[in-house]
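Novice: Below are the structure tokens for one structure; questions will follow.
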Amino acid sequence: MPNLCVSCTFNPPTITLLGSTIREDTVRAMEAQLPLATSTAVNPSKDPAKFIFLSNPDHWRMDLNQHFCDELHKSSVFLVILQSLEEEGWRLRASNNVVNKENDRETVKLFFTRA
Numbered sequence: 003m004p005n006l007c008v009s010c011t012f013n014p015p016t017i018t019l020l021g022s023t024i025r026e027d028t029v030r031a032m033e034a035q036l037p038l039a040t041s042t043a044v045n046p047s048k049d050p051a052k053f054i055f056l057s058n059p060d061h062w063r064m065d066l067n068q069h070f071c072d073e074l075h076k077s078s079v080f081l082v083i084l085q086s087l088e089e090e091g092w093r094l095r096a097s098n099n100v101v102n103k104e105n106d107r108e109t110v111k112l113f114f115t116r117a
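Encoded structure:
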């Protein structure tokens, strides 16, 4: 059974997709929607944020350095991720949340499986 871990670190938002391979169109759909789900407006004069494929281990990473997410918009980010991955057949199985008091960053991990 394939597994996928999506790690979301706030603020600024950083999204990492690690585990089983996912379709490129799923990655591109999230890439288009995630900046719109943040608390801050998208600056049309800047290049849009993109997922970058990194090796060792193989994973996708998107840094939204110009953005911020309040509590409501964190939920919006999760909704975009859930909807995009559910279209490909992924199902959320578990989640975990850790707050780092030293730098006021929060990391949420979403664990998915596909039958």
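Count the sequence shown with my numbering and you get residues 3 to 117, in order.
Ideal Cβ placement from N, Cα and C applies to all residues, glycine included.
These numbers were taken from a predicted model, which means no experiment stands behind them.
1. Can you check whether the CB of Ala43 is closer than 8 Å to the CB of Leu66?
2. Confirm, please, whether the CB-CB distance from Met64 to Ile17 is below 8 Å.
3. Give the DSSP bridge partners of Ile54, in chain order.
4. For Trp92, tell me which candidate among Thr11, Arg116, Asn99 and Ser77 has the shortest Cα-Cα distance.
5. Tell me whether Ser86 is buried or exposed, calling it buried when 16 or more other Cβ atoms sit within 10 Å of its Cβ.
6. Suppose you measure from the CA of Leu56 to the CA of Trp62; what does that come to, to the nearest Å?
7. Hey, how far is the Cα of His75 from the Cα of Asn105?
8. Between the Cα of Leu20 and those of Leu94, Asn45 and Ser9, spot the shortest distance and give me the residue it belongs to.
9. Rounded C-beta distance between Lys111 and Asn102? I'm assuming under 8 Å.
Specialist: In short:
1. no
2. Contact flag set, yes.
3. Arg63
4. Arg116
5. buried
6. Near 6 Å, if we compare the C-alpha coordinates of Trp62 and Leu56.
7. Roughly 20 Å between the two C-alpha positions.
8. Ser9
9. That belief does not hold up - the Cβ atoms of Lys111 and Asn102 are roughly 14 Å apart, past 8 Å.
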